[in-house]
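Asker: Numbered according to this note's numbering, the sequence shown spans residues 27 to 295. Just so you know, even glycine gets a beta-carbon here, dropped at the ideal spot from N, CA and C.
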Amino acid sequence: MAPLDNNESVPDAVQKPSSDNRRSSAGRQSTFQWAPYLFLLPTLGIMFLFSVFPMLYGFWMSVQAFDVIRGTAAFVGLGNYLKLLHDPQFGLSVLNTAWYTLSVVPLIVAGSIAIAVFLRESRPARLLARVGFYIPFVLSPVVVATSWKWLLNEDLGVIDGFLKWVGVSTIPWLTDDFSARVCVVLITVWNLLGFYMLMVLAGLSQISAELYEAARIEGATGWQRFWRITLPMLRPTILLVFILATIHATQAFEMILLLTAGGPGDATR
Numbered sequence: 027m028a029p030l031d032n033n034e035s036v037p038d039a040v041q042k043p044s045s046d047n048r049r050s051s052a053g054r055q056s057t058f059q060w061a062p063y064l065f066l067l068p069t070l071g072i073m074f075l076f077s078v079f080p081m082l083y084g085f086w087m088s089v090q091a092f093d094v095i096r097g098t099a100a101f102v103g104l105g106n107y108l109k110l111l112h113d114p115q116f117g118l119s120v121l122n123t124a125w126y127t128l129s130v131v132p133l134i135v136a137g138s139i140a141i142a143v144f145l146r147e148s149r150p151a152r153l154l155a156r157v158g159f160y161i162p163f164v165l166s167p168v169v170v171a172t173s174w175k176w177l178l179n180e181d182l183g184v185i186d187g188f189l190k191w192v193g194v195s196t197i198p199w200l201t202d203d204f205s206a207r208v209c210v211v212l213i214t215v216w217n218l219l220g221f222y223m224l225m226v227l228a229g230l231s232q233i234s235a236e237l238y239e240a241a242r243i244e245g246a247t248g249w250q251r252f253w254r255i256t257l258p259m260l261r262p263t264i265l266l267v268f269i270l271a272t273i274h275a276t277q278a279f280e281m282i283l284l285l286t287a288g289g290p291g292d293a294t295r
């Protein structure tokens, strides 16, 4: 085949793609880039409607002073926040919330791990025990608080009634500062423990039984298997339990309001 002369040119169709092909390729590329975002639009719209918009609207309301009688509002900037920071009750509430959270979260984390490991190892009535631990979580906080307030009533409560019957002095469960705090913490843990126990059980189910079998063959004790295998493999689940339990504790309101209404005094405010 004779070499191509320098003066001869390559046909246009071979030298460069046509403008129609370039436009078609650019159109396909543009469609590919935007397609995922178009599919996400409905979900993002719902998130904005039910999460972002209420948060922004709540902040807008917080920088206004409302006149309930006249039904008017005036912009006050950060005045409401400054007023809150100078309120002595605010500092007390922060301290009580911190104490409550630091008491509830470790108990939930440790309790959920202990119960989940126990239910995983013990075969008889395991399903029944899981349901029993989970039932308090599905109950309404109003039902839980009302039931426990009746049980812990100093005059008519079942628990103090039993103590009187056996000849033991009654305990001011919800009328003493320390007792009220302890009761609020324990009732909260009882209410939430079942949910987090199921989360830990789900994490345990992802751990291969071969790891435990190999450790058992090597002579590892039950505590060594728990410390060297179970806990390291459960770290992501434990972190999730810790975060969610902290959120639950800091948002607690209904149960404390119905149990003690912030009392006695300001002990649980």
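Could you spell out where the alpha helix (DSSP H) holding residue 235 opens and where it closes?
Answerer: Counting from 1 along the sequence shown, the entry for residue 235 is found at position 209. Counted as a single uninterrupted DSSP element, the alpha helix (DSSP H) harbouring residue 235 occupies residues 235-243.
Asker: Does DSSP classify residue 93 as helix, strand or coil?
Answerer: Working through the sequence shown from its first residue, we reach residue 93 at position 67. In the three-state reduction of the DSSP assignment, residue 93 falls in the strand class, which pools E and B.
Asker: Who pairs with residue 172 in a beta bridge, going by DSSP?
Answerer: Counting from one through the sequence shown, the residue named residue 172 turns up at place 146. In the DSSP assignment, residue 172 is bridged to no other residue.
Asker: DSSP beta-bridge partners for residue 98?
Answerer: Taking the sequence shown and counting its residues from 1, one reaches residue 98 at position 72. DSSP, once it has assigned bridges, lists 93 as partnering residue 98.
Asker: With three or more beta-carbon pairs closer than 8 Å as the criterion, would you say the stretch 118-137 touches the stretch 218-234?
Answerer: yes
Asker: Taking the CB atoms as reference points, tell me whether residue 183 and residue 176 lie closer together than 8 Å.
Answerer: Stepping through the sequence shown from its first residue, residue 183 is reached at position 157. Stepping through the sequence shown from its first residue, residue 176 is reached at position 150. Yes.
Asker: In three-state terms, what does DSSP make of residue 189?
Answerer: Locating residue 189 in the sequence shown gives position 163, counting from the first residue. Residue state for residue 189 is assigned as helix, using DSSP reduced to three classes.
Asker: Buried or exposed: residue 294, going by 16 or more other Cβ atoms within 10 Å of its Cβ?
Answerer: Numbered from 1 along the sequence shown, position 268 holds the residue referred to as residue 294. The residue in question, residue 294, is buried, as its Cβ has 16 or more Cβ neighbours within 10 Å.
Asker: Rounding to the nearest angstrom, what Cα-Cα distance links residue 278 and residue 78 in this structure?
Answerer: Here residue 278 refers to the residue found at position 252 of the sequence shown. Here residue 78 refers to the residue found at position 52 of the sequence shown. Those two C-alpha atoms are separated by around 22 Å.
Asker: Looking at the structure shown, is residue 263 part of a helix, part of a strand, or coil, going by DSSP?
Answerer: Stepping through the sequence shown from its first residue, residue 263 is reached at position 237. Of the three classes helix, strand and coil, the one that applies to residue 263 here is helix, per DSSP.
Asker: Would you decide whether residue 267 is buried or exposed? Buried here means 16 or more other CB atoms lie within 10 Å of its CB.
Answerer: Walking along the sequence shown from the start, residue 267 turns up at place 241. Classification for residue 267: buried.
Asker: Secondary structure at residue 230, three-state DSSP: helix, strand or coil?
Answerer: Sequence index remark: in the sequence shown, residue 230 carries index 204 (1-based). Correct three-state label for residue 230: helix.
Asker: At a cut-off of 7 Å, would you count residue 111 as near the ligand FMN, judging by its Cβ distance to the nearest heavy atom?
Answerer: With respect to the ligand FMN, the structure shown offers nothing to examine, as it has no ligands at all.
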